[in-house]
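Line by line, the protein sequences are chains A and B. Take the first sequence: its position 333, counting from 1, is numbered 333 in this note's numbering, and each next residue is one higher. Just so we're on the same page, this note's numbering is the position in the second sequence counted from 1, plus 1000. Data first, discussion second: the structure below is written as structure tokens.
There are 2 protein chains.
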Amino acid sequence: MQTGEEMGDQKIKNMEEFAAVSGISRPTISKYFNNPESVRASTRARIEDALERYDYRPNMFAMNQNRKLTKNIGIVVPYMADPFFAELARTIEQCCIDAGYRPTLFSAHGQPDLEVEILDNLRSMKPAGVLLAPLGRASDRSVIEKFCNDVPTVLFDSVLQDLGLAFVGSDSTQFARLIVDYLCRTGEPPCFFEMKTPANPNANRRKQGYLDAMEHMGFAPCIFQAEGTGWDFEEIGRREGARALQTGQFATNTILCSNDRLAIGFLTACYELGLRVGVGEGCQVRVAGQDDHPFARYTSPPLTTIAQDYNAISRSSAAYLFNAINGAETLYETQLFEGQLVMRSSA
Amino acid sequence: MQTGEEMGDQKIKNMEEFAAVSGISRPTISKYFNNPESVRASTRARIEDALERYDYRPNMFAMNQNRKLTKNIGIVVPYMADPFFAELARTIEQCCIDAGYRPTLFSAHGQPDLEVEILDNLRSMKPAGVLLAPLGRASDRSVIEKFCNDVPTVLFDSVLQDLGLAFVGSDSTQFARLIVDYLCRTGEPPCFFEMKTPANPNANRRKQGYLDAMEHMGFAPCIFQAEGTGWDFEEIGRREGARALQTGQFATNTILCSNDRLAIGFLTACYELGLRVGVGEGCQVRVAGQDDHPFARYTSPPLTTIAQDYNAISRSSAAYLFNAINGAETLYETQLFEGQLVMRSSA
DNA sequence: TCCAAAACTTATCGCGCGTAAACTTTTTGT
DNA sequence: ACAAAAAGTTTACGCGCGATAAGTTTTGGA
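See below:
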């Protein structure tokens, strides 16, 4: 006898039928699926009992059609092929599930028009809320602004000033101060390696943090700006890093990269030019990054960097959105988490 | 005058109203949205004209409720934080959009129970089809089998024998032959570094390919199996790589890793043990991987590997699914693409 | 024990669109 | 120019569930 899980094996096609076999009225069943806590414990038990015997699931489309507010939540990241965002998305996704929501993942793949299209599609999903890490400078601000007016949206990672309910990210200024301070204390003061036209607005704050920290330490800053656009940061770091090294653009032996992905490319450039990176004897260059990218631990040498607080950012932005959804009237808020120095052997 | 895009600015709330303002009957409008090609060109023009003036979008939920077949397509990968899968997913996503479908992305994040839940949720989405890269050994075969019986599903990357409409992946045996042949011709024959209990069934074929190739070349094989489970391959490669190196498990100076992520960790182990990797003078170890992981280009030294044909796998699996959806009665088919040797400086 | 509040039931409507049938108009090919 | 084919129109129904109102039962506190 392999004809199914249990006795009651006739297919339940709708809530009406499920109400019949479970001995509860349809409106109560409906209430249960909307929020299991909203029905009496004994009723809940009876429903869940029937649920095990008959495995019925309400029709998603019919369910959301008339609901003013769905349980859908959109998670949008600018570039999923960056494990940093994949990891962030994973954590947020889990937060949503734990809170009883249905998250859906989107990636703009670095393309502004795709970001616009995603928001467009998201609209028709009637989401209860959206957690959005925008592309940054490339984003179409007016589109996002309109979207934020229609849908409760919390921005994370990359800020678009005054858009959305809140912004949750890292304290880029503190990041730069922390790593600059460390580098200065342990060797030559760092030069700064960044993109000339960075995708992410955090980059500007990181540069400013670098400048401030250097001034505070009493050193002259030295910045090299890499040419190139797009999201292929490693390649830009490698190509432009090589160019900078070959043309002697760095005043000291220490290079602080604006982010880990640039640093990863920069390390490749160093290798290809035969420069030994690290702090041990025989090493010619020190390299540091920012973010604690998932792969930073596995470069050669492992990359010294400032760790973003993935968990805090994920949880905080999700929590903020849930609060707003549940009616908490809150003012626009910016929440920045501090980074932590991760000392490895590259600097 | 900043009150909107055009004259006709009253909000269109449903297809009825849009039919009115566009001067076309509702059933025809419905047909148009189902498939724009299905209406006369002149009618299409009138609809699209009205579409620009009034920006109406049909209600997604009402739309899919009664449709026998939606335009939804599910894309499921085992581990999104692996850029390899992120890249694969991105390409497939684009294929779906280009073909007029609505793809939705899911990641099992390495967790079998999540994979089951995803398939469960996917069901209620009434997808026209699903492109599934299963977890592999950790997958619940019976669950996936049931799912495949209900929903047109094409498996990719990781095969579950005879499940789904088709399997599209890489020719793991050819991969191993290619790289073993190269390594033998250019230096000492390779030892094989793999996981004892690999997540991905391709791993077994890669090992077999290694054994066959070694026998064919007339060399004695040497295999080290790393302990550890899960999807944190880099860490396993680093930890177990170090253990293997320290206890002298390798008969030659050349190590072929079962995949690039293991190799990336292995390179870190080599660095931490002070072993120089590469082919130049002074190098003590050669290391090679398989997959051409997006980061393989940026390790130090850059990793010699066998490149998977991302584009071919994506396009082919998507194309196969579309064919099946459109009614082509096809037999189960396995399509394997060959890899290409990517020579970099690690071996 | 009794009564009000809370929870459930019954009945009914509507959401926005897919779909089908029967009829009318436009487009083809010769 | 004419008939057949193709496309569009009218009308009508149903999908599965959310939501509400009015009536009935259960619960819990004094």
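We put the CB at the ideal spot given by N, CA and C, even for glycine.
- Taking the C-beta atoms as reference points, Arg-1297/B is found no nearer than 9 angstroms to Arg-1238/B.
- Beyond the five residues adjoining it in sequence on each side, Arg-46/A comes within less than 8 angstroms, by CB distance, of Ser-22, Gly-23 and Ile-24 in the same chain, given in chain order.
- Ile-179/A is the residue among Ile-179/A, Thr-330/A and Ala-81/A whose C-alpha sits nearest the C-alpha of Val-342/A.
- Contact with chain A is absent for Cys-1191/B, since none of that chain's Cβ atoms lies less than 9 angstroms from the residue's Cβ.
- Tyr-182/A places its beta carbon less than 9 angstroms from that of Thr-304/A.
- Residue environment: Gly-218/A is assigned as exposed (fewer than 16 neighbouring CB atoms within 10 Å of its CB, all protein chains considered).
- DSSP places Ser-158/A outside any beta strand (DSSP E), giving it a letter other than H or E.
- For the segment 1245 to 1259 of chain B, the set of positions with a beta-carbon nearer than 7 angstroms to some beta-carbon of chain A is empty.
- For Ala-288/A, the enclosing beta strand (DSSP E) begins and ends at 286 to 288.
- At least 9 angstroms separates the CB of Pro-1221/B from every CB of chain A.
- Using a CB distance cut-off of 9 angstroms, Tyr-298/A counts as an interface residue toward chain B.
- Contact fails between the segment 1038 to 1055 of chain B and the segment 1072 to 1088 of chain B, because fewer than three Cβ pairs, one in each stretch, are under 8 angstroms apart.
- Of all residues in the segment 12 to 35 of chain A, none comes within less than 8 angstroms of chain B when Cβ atoms are compared.
- Secondary structure of Pro-294/A (DSSP, three-state): coil.
- Nearest C-alpha to Leu-1155/B among Ala-1203/B, Gly-1282/B, Thr-1247/B and Phe-1167/B: Phe-1167/B.
- DSSP places Cys-1222/B in the coil class of the three-state scheme, outside both helix and strand.
- Counting only the Cα atoms, Leu-1114/B lies some 10 angstroms from Pro-1078/B.
- If you compare the alpha carbons of Pro-134/A, Glu-215/A, Tyr-320/A and Gln-284/A with that of Ala-347/A, the shortest gap goes to Gln-284/A.
- CA-CA distance, Thr-1104/B to Glu-1093/B, rounds to 8 angstroms.
- Pro-294, Phe-295, Arg-297, Tyr-298, Thr-299, Ser-300, Pro-301 and Pro-302: these are the residues of the segment 288 to 317 of chain A whose beta carbon lies less than 8 angstroms from some beta carbon of chain B, given in chain order.
- Bridge partners of Ser-107/A according to DSSP: Val-77/A.
- When 8 angstroms is used as the limit between beta carbons, Gln-1065/B is near these residues of chain A: Asn-59, Phe-61, Ala-62 and Gln-65, in chain order.
- Along the segment 263 to 275 of chain A, the positions whose C-beta sits under 9 angstroms from a C-beta of chain B are Ile-264, Gly-265, Leu-267, Thr-268, Cys-270, Tyr-271 and Glu-272, read in chain order.
- Listed by position along chain B, the residues whose Cβ is nearer than 7 angstroms to that of Pro-83/A are Ala-1081 and Pro-1083.
- Non-local C-beta neighbours of Gly-74/A in its own chain, meaning closer than 6 angstroms and more than five positions away in sequence, comprise Thr-104, Leu-122, Pro-127 and Val-130, ordered along the chain.
- Cys-283/A sits in coil when the DSSP states are folded into three classes, being neither helix nor strand.
- Judged by DSSP in its simplified three-state form, Ala-1319/B adopts helix.
- Less than 9 angstroms divides the Cβ of Val-277/A from the Cβ of Tyr-271/A.
- Only exposed fits Ser-142/A, as fewer than 16 other CB atoms lie within 10 angstroms of its CB.
- Taking 9 angstroms as the cut-off between beta carbons, the residues of the segment 1094 to 1105 of chain B near chain A are Gln-1094, Ile-1097, Arg-1102, Thr-1104 and Leu-1105, in sequence order.
- For Ala-86/A, the chain B residues whose C-beta falls within less than 7 angstroms of its own C-beta are Met-1080, Ala-1081 and Ala-1086, listed in chain order.
- In the three-state scheme derived from DSSP, where H, G and I count as helix and E and B as strand, Arg-1276/B is classed as coil.
- In the structure shown, the three-state DSSP call for Ile-1012/B is coil.
- Ala-1089/B sits in a helix when the DSSP states are folded into three classes.
- One Cα belongs to Gln-340/A, the other to Asn-323/A, and the distance between them is close to 28 angstroms.
- In this structure, Ala-1062/B is the residue among Asn-1066/B, Ala-1133/B and Ala-1062/B with its C-alpha nearest to the C-alpha of Asn-66/A.
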